[in-house]
Amino acid sequence: MRPAIWSICLLFLIACSPQSKEQQLQDIHATIKAGEERAAIIELKNLIKAFPGYAPARLTLGRLYLKQGDYETADKELSRAYELSPRQSGLVGDLTQIYVLQERYLDAIELGQKQEAVDSPKSQAYQIVAHLELQQFDAAKSVLQTLPEDNSYAGFAKAYWQAAQGDLAKASETIEPVLAQSPDYADAVLLSARIDLEMTQLQSAIGKLKHYRQLRPEQGRTYLLLANAYFYNDELQQVKETLEPVLKANERQPFANALLGMTYFREQDYEQARNYARIASSNGFSSPMLGYVLGASFYQLEDFSQAYHHLAPAAENLPQSHPAHPLLAMVRMKLGYVEEAVQQITTHQGYSPDFLLSMGTALADSGEIGTVARIIEQVEQSDNLNAETQLRLGLLKLRVDDTAGFGHLEQVILEKGEYPEAELAYAMAKVKYGEYGPATKMAKAWQQQYPERVEGYNLEAYIHIKQQQFEQARAALEKALSNEPGAPSTALYVAQLAQLTENYEWGEQHLNSALARHPQNPLLLKQIYLLSSFSGRTEQALNTLEQTLSQYPKNKPIRALVGYAQFHHKHFDKAAQTLAVETFEPEAYTEKQYWLTLYETQLRSGKPEAASDTAKQWLEMTDSEPAAYALAIYDARQQGQNQRVQRLLEQAVSLWPQNLRFRVFQARWLMAQGQLNKLKPVLDSLQSSHPEQMLVKELVARYHMLMKNYRQAELVLMELYQQQPQPEIVLNLAKAKNHRDKEEAKAFWQSHLKAHPDDYQSAMLYAEWLLQQQDYPAAAEQYQSLLETKPDNAMLLNNLAWLRAQEGQLKQAKSLIDRAVSLSPDDAQILDTQGTILLQEQQPGAAVSVLRRAYELTGKQNPAIGVNLLEALVSHQQWSEAKVLVDELPPLQGELRQRVSYLKQQL
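Going by our numbering, the first residue of the sequence shown is number 119, and it counts up by one from there.
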């Protein structure tokens, strides 16, 4: 109670004081003049409590809050003062200023229309600012022309106008006298700092922003502007220190996090850069530069899917000279988007030779030799290629079998005199082309020049290995190992030689020696595992990997290697545990092989729900990875989630409109689901973007077949057939022709097989087609012809046996089917044919035994075999089993239903 009583007493004393409120306010002004603003604020609050309607006190308090940068409280007090007494000196100017500082520009303009504002230069000046911020330039100019020029506010407004017009030099010239006259005019100080920033006069801007922070310590935006100036002046530690209080007040402040992300990126701390940039992005801060920082950080952290997700939209809004563009091309190559990468680098100019050579190497790996040749041309058009670029250019040429690359390497060696990298590359290239003499000469020269190093001996060993001179290769490697025992590069050559000579023990000995010195080298571990496996000690090889992982459980490449090895050994439970998300921390390791292997291990270890969760989690983590969408689609199909399949396909096509695989699969899916109305626009789009793609034409032909537009289907298929007469195209073309003219279809088959006598698959399809047409004599003749070239093909024997049985030639049919069964004793279809032939031979008991086994082999899921078994059971009078089978059979249609109905009558 005591504080409350004291407060009441204080107010009573103030109210009853012999001093008037005017005298008290005068004392408060003296306190302000003495620099004791906090004490003045307390005294003013007490005075206002005693005299709530005393407008001058509220005006003074509002101005103090304005000076400190507390705009909200200043607005409250000044607005109340204006309600009480609108014509107080300077009040309308202060209120217009506070509206502008709060970005309430329309309120500022409305206030400026009132009579008391017309006579206030300060109010007019801030009206001009409000008009400019709303881009109302004519209105701003009109007010500016009426503003007297003999005060600081006029100079401030004029400089603001000049800056808005883009005349920064003039604006800077105008604002300087204002600051000279009123050095603590905070808004003028801030305007001058912003002009300096635009003119990249960073030191001057930093000094003014520091002064502004002293003038308005409560204004958080000052810290952001100052940190921004520090960033552009490359004072990165100052950026962090300046932003500390901002993030302490609001740890998710968007601009502060964006600036910190860019700061850490410049310091090459990519993990911190990613973290801060992510916070900024998730809290609404969006800019192409932030997208670049995020994408480039993910690239450095080898999360290429996320890198693509951020770089692709950022690059669209950044100039072609920005590093986002070459980095995006590299990311596309990493993700396998070769078509997109090629299109990007061939449609834009200005890439650096080093970048082009990196892309050329990646494209050579993808087999894009034609594009590599164009890249080489672009590089050679560049001026003043340095030695490193010449070396890379020569190697790239040799990579695509352009021997002119030797000339570049020779030029580098000649110009530099001593260039080990060029010499080794030259020697390796000579070995590739079988020119062992020059390479050997260079290896010997290296050994003499650098007798204590391993490179010369490794090179000699490599030359001998290529010539299958294994003893000499071993001698050279032994010398290298004596120079540097356990050298990883030498150990890898040892592993190669050990495999070729099957001297696995010797190879493992040296690999283990190297591993002892480099225990976390995954390449050495992999070679040890392979050699142990080759020598028949596969479980021991796996144990070695698992022991290494137990020592280094956080080494992700080793964990991945162990998981893949366990999967290879069919230890699916172990593999699933090793690769489990919670132990593997996949946020830092997003390799496709990891997720795909984990999914399959979980499936094979009988954990379909966990596998499904893995597919969903990968998609949630990286929604810019096509393989993640492909796995999610596959999983949804496995689960029978048709709507999810369709939704995922629509999302994938939307994300990657140029990805032909997703678009073709979407068309096939819609076709399989019978959604022909949705299929038509998808096909139209595919035809528009890929008119010459065979896959697209095949889909169009299938669509016409489904719509019974057989003539249209035939035209498309004929075009495909002329391009590439593949068996499936031959079959579909025959089907299309068959709907119009059966004889023409048969003649087409025969003409094709005559023109392509080695097309065995089409010959098989023709035989099956004849069966479907119930042209049994012609089908039998075709199968007989096929058996002459493939006498041990069980399915040919089976089909011909069935045909002979239809013809009543049971002896020949039995001989054929018995041969088929001996070749494929567990083939349900072949056993079914054997059972039906036994029935025709009046051997129902034997038929029951064979057909029962055939039915069980299908998991009792083939109703046609089930009906044949039922007929055999009825023929053999096994009534009880027949009745049970009738109840097991699913609902049937057509001929099968009629047969079962007839057989039931006999039970």
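We put the beta carbon where it would ideally sit given N, CA and C, even for glycine.
Residue i - containing alpha helix (DSSP H), residue span
i: E498; result: 487-498
i: M317; result: Here M317 belongs to no alpha helix (DSSP H), and DSSP marks it neither H nor E.
i: F373; result: 372-384
i: L721; result: 710-722
i: A754; result: 744-756
i: D193; result: 189-202
i: W279; result: 270-282
i: H808; result: Segment: none, H808 is in no alpha helix (DSSP H) and carries neither H nor E.
i: P295; result: 286-299
i: D483; result: 471-483
i: V939; result: 928-941
i: Y580; result: 573-584
i: H653; result: Note that residue 653 is Ser in the sequence shown here, rather than His. Here S653 belongs to no alpha helix (DSSP H), and DSSP marks it neither H nor E.
i: W887; result: 878-890
Cβ pair residue i, residue j closer than 9 Å
i: T715; j: L737; result: no
i: Y884; j: Q902; result: no
i: L475; j: L516; result: no
i: L773; j: Q784; result: no
i: L320; j: R331; result: no
i: G1028; j: L514; result: No answer is possible for residue 1028: it lies beyond the span of the chain, which begins at 119 and ends at 1025.
i: Y1113; j: T521; result: Outside the displayed range of the chain (119 to 1025) lies residue 1113, so it cannot be described from this structure.
i: A965; j: G984; result: no
i: H855; j: A863; result: It is Lys, not His, that sits at residue 855 in the sequence shown. Yes. Within cutoff.
i: L838; j: L817; result: no
i: E1013; j: K978; result: no
i: W887; j: A852; result: yes
i: T214; j: Q253; result: no
i: W787; j: Q811; result: no
i: Q658; j: S650; result: yes
i: A306; j: S270; result: yes
i: L262; j: K276; result: yes
i: L419; j: A395; result: no
i: S723; j: A693; result: yes
i: R181; j: D212; result: yes
i: Y278; j: L309; result: yes
i: A282; j: A258; result: yes
i: P894; j: E861; result: The amino acid at residue 894 is misidentified as Pro; the sequence shows Tyr. No; because the gap between Cβ atoms is not below 9 Å, this pair is not in contact.
i: I216; j: A192; result: yes
i: L449; j: E486; result: Before going on, a small fix: residue 449 reads as Val here, not Leu. No.
Integer-rounded CB distance, given that residue j should sit under 8 Å from residue i
i: A912; j: A896; result: So it is not a contact: roughly 22 Å between Cβ atoms.
i: V549; j: I581; result: 6 Å
i: H428; j: G409; result: 5 Å
i: T489; j: V518; result: Wrong, their Cβ atoms sit about 10 Å apart, outside the cutoff.
i: L1010; j: P981; result: 6 Å
i: T381; j: L354; result: 5 Å
Cβ-based burial, residue i [other Cβ within 10 Å; buried from 16]
i: S135; result: A caution first: S135 carries a pLDDT of 49, below 50, which makes its placement in the model unreliable, though a value can still be read off. Exposed, since its Cβ has fewer than 16 Cβ neighbours within 10 Å.
i: D910; result: exposed
i: K1022; result: exposed
i: A713; result: One point to set straight first is that residue 713 is Trp, not Ala, in the sequence displayed. Per the 10 Å Cβ criterion, buried.
i: M451; result: buried
i: P1008; result: exposed
i: S940; result: exposed
i: W867; result: buried
i: G681; result: buried
i: H689; result: buried
i: H628; result: buried
i: P744; result: buried
i: Q1024; result: exposed
The ligand HEM heavy atom lying under 8 Å from the CB of residue i
i: R370; result: No copy of the ligand HEM occurs in the structure displayed, which carries no ligand at all.
Notebook entry, point to check: Between the region 954-963 and the region 981-999, do three or more beta carbon pairs fall short of 8 Å?
Noted result: yes
Margin query: For the region 597-608 against the region 631-649, do three or more pairs of beta-carbon atoms, one drawn from each stretch, fall closer than 8 Å, so that the two count as touching?
Written below: yes
Check: Counting Cβ pairs, one atom from each stretch, are 3 or more of them under 8 Å apart for the region 458-475 and the region 436-447?
Finding: yes
Checklist line | Cβ pair count under 8 Å reaching 3, the region 748-763 against the region 724-736 | finding: yes
Margin query: Can you confirm whether the region 817-836 touches the region 793-809 when touching is taken to mean that 3 or more C-beta pairs between the two stretches lie within less than 8 Å?
Written below: yes
Next item on the list: Decide if the region 419-426 is in contact with the region 396-407; the criterion is three or more beta carbon pairs, one per stretch, under 8 Å apart.
Entry: no
Checklist line | Touching by the beta-carbon criterion (3+ pairs, under 8 Å), the region 222-232 and the region 369-378 | finding: no
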